[in-house]
Amino acid sequence: MTDWSYSDAHPGNMQAEANGHEHPIRKWAENKTDEHPGWYLIYPSSHPSDPSFNHPISRWDTYRSKLDYIGRLGDTVQFRDLPNSLRAHEIATYYGVPLETLGPGVLVCGSFDEVPNDPSLGSIFDLRSPYQRTTFGGNFEQQREVVWSTIVLFEDDQLCQRMAWALAQILVVVAGSVMTEPFVGYYDIMVRNCFGNYRDVLREISYSPLMAEHLSYLDSRSHAYVYESNGQVTYADENFAREIMQLFTIGLVWLNQDGTPKLDANGKQIEVYSNEDIMSFARAWTGFRKYQDRGNIENEQACSTCNRQDPMFIDKDRRDVFPKSDLLGGYIGDRYPLCVDLPDKMFLRKGAKYRFLGSNPLPELMEDNDKFATDPTIKRMILDSGSGLYKKLYNNGVYLNTVIL
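Just so we're aligned, residue 1 is where the sequence shown starts under full-length UniProt numbering, counting upward by one.
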C-alpha cells in the first residue's frame, strides 16, 4: 500500500487532507493501540452511511487471486523470496537487509533508440513523479499531443508519419495516464514499422505494457498457477485473445482471396473462431508481466513493477504450459522441431548467439528461481580457458553485448 499512501496518489487522500480528516490509508499504521498494533484493517461489512462503500467478505474471495502469497502470520520469509513489488529499499532498510548486487553493474538494454537525457538540447517536457508535480491534469495530456503534432507536421518522412497514424487508428490503446514517455514510446512502434511487416507490429504491441493494461491480459495467470496458489478455479483473461483476431487481424469470417466472405453449403458465412478457440488462445497470453523499474524513464509511481516503457517479459511460473489449438484443427507449434530433434552441439555451430549477462547467473527473458543464484549445489558449466568458445566470448577481457559464432 506504500504507493497509495502518498498524498496525491489517490483522490481520497487529498480530500481527507483538505477536510482535516485522518489519512484513509496510513491511519491504520499510525493509530496503534495495545489491542491492535497497527496493521489490522478493521471496517464493517456494511457502511454506516453509503451502501456503495460496503466491503463484504466475498470481495476477498473475488480478488485474492490477484494478490501474491507471502506466508502466514508468524512465518519467516527470506527477503530474496518476496515478490518483486515488496523487495523495495524501504522494506529492506526497515528490516536491516543489506542490499547487495550479485556482481559489478553491467550494461542493460533500454528501449528502442533510447538516449540519455540532455537538458542542454532544449524542448524539455515535464515529468510526473510521486514526490512532486509541477504540472497538472490536461497540461500533461497536451504535452504528448505537442510532441506528436510537432513531429508529424515538420518531419521530412511525411508518408511514414501518415502510415503510422493509420496503424495507430487500428492498434488503439486508451491513454489511461497522463504520462508522456510511455505513450509516445508506444506510438513509435508504428513509426519505425511504417514500411515494415505487420506481423512485427503485432509482436511489439503484444509485448507493450500499455496494450496489456488496455486489453487486460497484464499479469494474467494460468488456471494451474491460481489453483495451486489458493485453490480457486479460474480462466485466463480472454479480452486480448478475441480482439487481436476480431479487430487487429482476420476479423469474424473467413474470406476468399478477393476479399469476399466464404460461404458454407447453406450459403451462410463461415465464422473464423468459436468460444472454445478463444478460451484456448487466452491461455497463450498468460504470464506477461512488467519489468522492474529502472533509470532514465518516466515513472509516476515509486514501485518495482511500474515500468510502462520497456517490453514485458513472460513469467514461466504463471504461464499456461499446455498446448493451444490453432484455427485449422491442429495446435500452435505443430511441425516445429523439438529440442531433441536439433543437431548435436548446436551451441557451437555457426550462427549461435550469446548475450552478455555479466556476473549474474540468472537468465534474462525468462524466469528462474532466485534461490538458484546463491545455491552452492547448483552445477554450472565452466568453459576451459583454452577452448575456442572461451576465447570468442572472453575477447581479451573486452566483453561484447552479443557474440554470434
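Every residue gets a Cβ at the ideal spot worked out from N, C-alpha and C, and that includes glycine.
Given the structure is predicted, the values throughout are model-derived calculations rather than measurements.
Alpha carbon to alpha carbon, how far is residue i from residue j?
i, j, result
"Leu102", "Gln269", "Low confidence applies here, because Leu102 scores a pLDDT of 46, under 50, leaving its location unreliable; read the following figure in that light. In a straight line, the C-alpha of Leu102 is about 59 Å away from that of Gln269."
"Leu342", "Lys350", "14 Å"
"Asp375", "Asp334", "37 Å"
"Thr286", "Ala236", "7 Å"
"Glu276", "Gly397", "54 Å"
"Phe195", "Leu202", "14 Å"
"Asp344", "Asp81", "37 Å"
"Tyr207", "Met312", "5 Å"
"Ile151", "Val184", "11 Å"
"Gln78", "Ala29", "23 Å"
"His23", "Ile124", "35 Å"
"Glu204", "Gly74", "44 Å"
"Phe240", "Tyr394", "43 Å"
"Trp60", "Lys392", "55 Å"
"Glu17", "His214", "32 Å"
"Asn193", "Ser387", "41 Å"
"Glu155", "Thr234", "49 Å"
"Gln383", "Ala92", "For clarity, residue 383 is Leu in the given sequence; the question names Gln instead. Approximately 36 Å between the Cα atoms of the pair."
"Leu405", "Leu348", "7 Å"
"Met211", "Lys290", "12 Å"
"Val173", "Asp188", "13 Å"
"Arg162", "Ser149", "12 Å"
"Gly330", "Gly96", "54 Å"
"Ala373", "Arg26", "36 Å"
"Pro56", "Leu153", "54 Å"
"Thr377", "Thr76", "23 Å"
"Arg380", "Cys339", "20 Å"
"Asn19", "His10", "15 Å"
"residue 409", "Ile278", "Beyond the ends of the chain as shown, which are 1 and 405, falls residue 409; an answer cannot be given."
Confirm, please, whether the CB-CB distance from residue j to residue i is below 9 Å.
i, j, result
"Ser222", "Arg318", "yes"
"Glu238", "Val253", "no"
"Ser385", "Ser325", "no"
"Asn296", "Gly71", "no"
"Pro182", "Glu90", "no"
"Cys160", "Val191", "yes"
"Val403", "Tyr336", "no"
Between which two residues does the alpha helix (DSSP H) harbouring residue i extend?
i, result
"residue 417", "No statement about residue 417 is possible, as the shown extent of the chain runs from 1 to 405 and does not include it."
"Ile404", "It is not in any alpha helix (DSSP H) - Ile404 instead sits in the beta strand (DSSP E) that spans Thr402 to Ile404."
"Arg242", "Asn239 to Gln246"
"Arg162", "Gln158 to Ile170"
"Met190", "Glu181 to Arg192"
"Tyr227", "His223 to Asn230"
"Asn13", "Pro11 to Ala18"
"Ala92", "His89 to Tyr95"
"Val201", "Tyr198 to Ser206"
Would you call residue i buried or exposed, if buried means 16 or more other Cβ atoms sit within 10 Å of its Cβ?
i, result
"Tyr186", "buried"
"Ser274", "exposed"
"Met346", "exposed"
"Phe288", "buried"
"Ser220", "buried"
"Thr260", "exposed"
"Asn401", "exposed"
"Asn307", "buried"
"Met14", "exposed"
"Gln143", "buried"
"Ile332", "exposed"
"Ala352", "exposed"
"Ala164", "buried"
"Leu218", "buried"
"Leu167", "buried"
Between the Cα of residue i and those of the options, spot the shortest distance and give me the residue it belongs to.
i, options, result
"Asn369", "Pro83, Met14, Gln309 and Glu298", "Pro83"
"Asn230", "Glu298, His55, Ile205 and Thr62", "Thr62"
"Asp126", "Glu141, Gly358 and Val115", "Glu141"
"Asp310", "Glu145, Pro209, Leu86 and Gln246", "Pro209"
"Pro323", "Asn299, Leu338 and Arg283", "Arg283"
"Phe248", "Pro116, Asn193, Arg199 and Gln161", "Arg199"
"Gln292", "His21, Gln161 and Ala88", "Ala88"
"Met245", "Met190, Leu327 and Ala166", "Leu327"
"Thr180", "Val146, Val172 and Asp118", "Val146"
"Tyr69", "Val321, Gly329, Glu228 and Arg242", "Glu228"
"Lys316", "Ala224, Asn19 and Asp113", "Ala224"
"Glu243", "Leu171, Leu255, Ile57 and Ala265", "Leu171"
"Asp320", "Val226, Trp165, Tyr354 and Arg294", "Val226"
"Leu357", "Gly330, Thr377, Tyr399 and Tyr390", "Tyr399"
"Leu67", "Leu338, Thr76, Pro51 and Leu86", "Leu86"
Which stretch, first to last residue, makes up the beta strand (DSSP E) that contains residue i?
i, result
"Tyr217", "No beta strand (DSSP E) contains Tyr217, which DSSP labels as neither H nor E."
"Tyr273", "That residue, Tyr273, is in no beta strand (DSSP E); it is neither H nor E in DSSP."
"Tyr399", "Unbroken run through Tyr399: none, as it is neither H nor E."
"Tyr354", "Lys353 to Arg355"
Quick check on residue i - is its C-beta less than 9 Å from some C-beta in chain C?
i, result
"Thr93", "In the structure shown, chain C does not exist; there is a single protein chain."
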